[in-house]
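K.L.:
I am attaching a structure below and will ask some questions about it afterwards.
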Amino acid sequence: MNGAGGVAVATQHPVRDYNHSTDQEYQRLRKLADEAYKKRDRFSHESQTAYQQGDKKSAHDLSEKSKAQLKIAEDLNMQAAEYVFVENNADSSSNEIDLHGLYVKEALFILQKRIKFATDHNESQLNVIVGKGLHSQNGIAKLKPSIEEFCAKHGIRNHLEKGNSGVLVLELQGVQMPVGGTGMSVPANQYNAQPQPQYNNNGGNPQGQANNYNNNINNSTNDNNGKDSTLASIFKIICSCIKGLT
Numbered sequence: 003m004n005g006a007g008g009v010a011v012a013t014q015h016p017v018r019d020y021n022h023s024t025d026q027e028y029q030r031l032r033k034l035a036d037e038a039y040k041k042r043d044r045f046s047h048e049s050q051t052a053y054q055q056g057d058k059k060s061a062h063d064l065s066e067k068s069k070a071q072l073k074i075a076e077d078l079n080m081q082a083a084e085y086v087f088v089e090n091n092a093d094s095s096s097n098e099i100d101l102h103g104l105y106v107k108e109a110l111f112i113l114q115k116r117i118k119f120a121t122d123h124n125e126s127q128l129n130v131i132v133g134k135g136l137h138s139q140n141g142i143a144k145l146k147p148s149i150e151e152f153c154a155k156h157g158i159r160n161h162l163e164k165g166n167s168g169v170l171v172l173e174l175q176g177v178q179m180p181v182g183g184t185g186m187s188v189p190a191n192q193y194n195a196q197p198q199p200q201y202n203n204n205g206g207n208p209q210g211q212a213n214n215y216n217n218n219i220n221n222s223t224n225d226n227n228g229k230d231s232t233l234a235s236i237f238k239i240i241c242s243c244i245k246g247l248t
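Next comes the structure, spelled out in structure tokens:
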């Protein structure tokens, strides 16, 4: 955005009250996913041991249990990714995307879809909110360097927003993403399109099953007079991509 005389000025972002690091529902989903991964590893180890001991039936049964736990873990992480993305972007402008709370692979997958949408619709700039690593393990930011590496790989010029080291500004003029995106796949073996719990804006408990996730996005968007159809379309595309529908 340019001020008088063409001088670039920083975008004024609204104050965000949401903090995924203190959201009990988000933490619950991630914790359950981690526990499922640990069970997967345990069953896998026990399966290998049984096979080495010649007990092929037990080895097979344990292997199936391992696969089941993997699917549970991936589904839980998918729910967490959807949940935190919607919460973080409830107050985002149509030219920005907040990736807080997403694992690196999740964030990169969503970002490449958002960039493709932007380039297809002649958007010249995208503000990517990556944070400063305050909630990362040992305080080391992971999203920012990963996104910078992604941009370098695809020839996307970027810089930190003036006065805000937690926002990367991506310059998209002339950027051409591959027709099929970047070749990145959904960040899990199975991100199935299952009905997901419907959440309130306070990070509370699930309130029944969401039969149509995109309808929830539209409803929350329509309730906010500051939103536009572009943002609703972006949410639809990204949420569909998370669930592997595109």
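In our numbering, the protein residues as written are 3 to 248. The beta carbon of each residue, even a glycine, is placed where N, CA and C say it ideally should be.
From C153 to H62, what does the alpha carbon distance come to, in whole angstroms?
P.N.:
Your numbering for residue 153 matches position 151 in the sequence shown. Your numbering for residue 62 matches position 60 in the sequence shown. Rounded to whole angstroms, C153 to H62 spans 44 Å at the Cα level.
K.L.:
Going by the CB atoms, is the gap between E163 and L170 shorter than 9 Å?
P.N.:
Position 168 of the sequence shown holds residue 170. Position 161 of the sequence shown holds residue 163. A contact, by the Cβ cut-off of 9 Å.
K.L.:
Tell me whether N79 sits in a helix, a strand or coil according to DSSP, three-state version.
P.N.:
Your numbering for residue 79 matches position 77 in the sequence shown. The answer is helix: DSSP assigns N79 an H, G or I state.
K.L.:
Just verifying my parser: in three-state terms, what is the DSSP assignment at D63?
P.N.:
Position 61 of the sequence shown, counted from the start, is the residue given in the question as residue 63. Looking at D63 - three-state DSSP - the assignment turns out to be helix.
K.L.:
Is M179 near H161, with beta carbons less than 9 Å apart?
P.N.:
Within the sequence shown, numbered from 1, the residue matching residue 179 stands at position 177. Within the sequence shown, numbered from 1, the residue matching residue 161 stands at position 159. No, the Cβ-Cβ distance between M179 and H161 is not below 9 Å.
K.L.:
Between Q71 and K107, how many whole angstroms is the CB-CB distance? I'm expecting something under 8 Å.
P.N.:
As a position in the sequence shown, residue 71 is number 69, starting the count at 1. As a position in the sequence shown, residue 107 is number 105, starting the count at 1. About 19 Å; that fails the 8 Å criterion.
K.L.:
Looking only at C-alpha atoms, which of E37, L64, A38 sits nearest to E48?
P.N.:
Stepping through the sequence shown from its first residue, residue 48 is reached at position 46. Nearest of E37, L64, A38 to E48, Cα basis: L64.
K.L.:
Taking the beta carbon of G56 as the centre, do at least 16 other beta carbons fall within 10 Å, making it buried, or is it exposed?
P.N.:
Position 54 of the sequence shown, counted from the first residue, corresponds to residue 56. That one is exposed.
K.L.:
Whose C-alpha, out of Q127, L78, D122, is nearest the C-alpha of L31?
P.N.:
As a working note, residue 31 is residue 29 in the sequence shown. Cα-wise, what sits closest to L31 is L78.
K.L.:
What's the gap between the Cα of Q54 and the Cα of S167?
P.N.:
Position 52 of the sequence shown, counting from 1, holds the residue named residue 54. Position 165 of the sequence shown, counting from 1, holds the residue named residue 167. For Q54 and S167, the distance between alpha carbons rounds to 53 Å.
K.L.:
Using the DSSP secondary-structure output, state which residues sit across from V106 in a beta bridge.
P.N.:
Position 104 of the sequence shown holds residue 106. According to DSSP, which records beta bridges pairwise, V106 is partnered with nothing at all.
K.L.:
When the distance is taken between beta carbons, is D43 closer than 9 Å to S68?
P.N.:
Position 66 of the sequence shown, counting from 1, holds the residue named residue 68. Position 41 of the sequence shown, counting from 1, holds the residue named residue 43. Yes, these two residues count as a Cβ contact at 9 Å.
K.L.:
Given that a residue counts as buried once 16 or more other Cβ atoms are within 10 Å of its Cβ, and exposed if not, what is D122?
P.N.:
Here residue 122 is taken as the residue at index 120 of the sequence shown, counted from 1. D122 should be labelled exposed.
K.L.:
Could you pull the DSSP bridge partners for R159 from this structure?
P.N.:
Residue numbering aside, residue 159 sits at position 157 when the sequence shown is read from its first letter. In DSSP, R159 forms a bridge with E173.
K.L.:
Quick one: is G133 buried, meaning 16 or more other Cβ sit within 10 Å of its Cβ, or exposed?
P.N.:
For the purposes of this step, residue 133 is taken as the residue at position 131 of the sequence shown. Answer is buried; the Cβ neighbour count reaches 16.
K.L.:
Tell me, please, which residues DSSP counts as bridged to Q127.
P.N.:
As a first step, residue 127 must be located in the sequence shown, where it is residue number 125. Per DSSP, E173.
K.L.:
When the Cα atoms are used, what is the spatial distance from G176 to F45?
P.N.:
Counting from 1 along the sequence shown, the entry for residue 176 is found at position 174. Counting from 1 along the sequence shown, the entry for residue 45 is found at position 43. Each residue's Cα considered, the two are about 50 Å apart.
K.L.:
Can you tell which of P147, A35, L172, G103 has the C-alpha that lies nearest to the C-alpha of I158?
P.N.:
In the sequence shown, residue 158 corresponds to position 156, counting from 1. The residue with the shortest Cα to Cα distance from I158 is L172.
K.L.:
Starting from D36, trace the beta strand (DSSP E) both ways and give me its first and last residue.
P.N.:
One-based indexing of the sequence shown puts residue 36 at position 34. Premise fails: D36 lies in the alpha helix (DSSP H), 26-54, not in any beta strand (DSSP E).
K.L.:
Inspect the beta-carbon positions of A109 and I74 and report whether they are closer than 9 Å.
P.N.:
The residue you call residue 109 lines up with position 107 of the sequence shown. The residue you call residue 74 lines up with position 72 of the sequence shown. Result no, Cβ atoms of A109 and I74 do not sit closer than 9 Å.
K.L.:
On the criterion of 16 or more Cβ atoms from any shown chain inside 10 Å, does D36 qualify as buried, or is it exposed?
P.N.:
Walking along the sequence shown from the start, residue 36 turns up at place 34. Exposed is the call here.
K.L.:
Give the secondary structure of S96 by DSSP, where H, G and I count as helix, E and B as strand, and everything else as coil.
P.N.:
Taking the first residue of the sequence shown as 1, we reach residue 96 at position 94. Looking at S96 - three-state DSSP - the assignment turns out to be coil, as it is neither helix nor strand.
K.L.:
From Q81 to S96, what does the alpha carbon distance come to, in whole angstroms?
P.N.:
Counting from 1 along the sequence shown, the entry for residue 81 is found at position 79. Counting from 1 along the sequence shown, the entry for residue 96 is found at position 94. Cα-Cα distance, rounded: 23 Å.
K.L.:
Whose CA, out of E98, E76, Y105, lies closest to the CA of V86?
P.N.:
Stepping through the sequence shown from its first residue, residue 86 is reached at position 84. Per the Cα distances, Y105.
K.L.:
Apart from the five residues on each side of it in sequence, which residues of its chain come closer than 8 Å, Cβ to Cβ, to N90?
P.N.:
Here residue 90 is taken as the residue at index 88 of the sequence shown, counted from 1. For N90, where only same-chain residues beyond five positions count, the Cβ hits under 8 Å are R18, Y20, H22, D100, L101, H102, G103, I131.
K.L.:
Quick one: what does DSSP say A195 is sitting in, helix, strand or coil?
P.N.:
What you label residue 195 is simply residue 193 of the sequence shown in a count that begins at 1. At A195, the pLDDT of 33 sits below 50, so the modelled position is not reliable; the number obtained from the coordinates is stated separately. A195 falls in the coil class under three-state DSSP.
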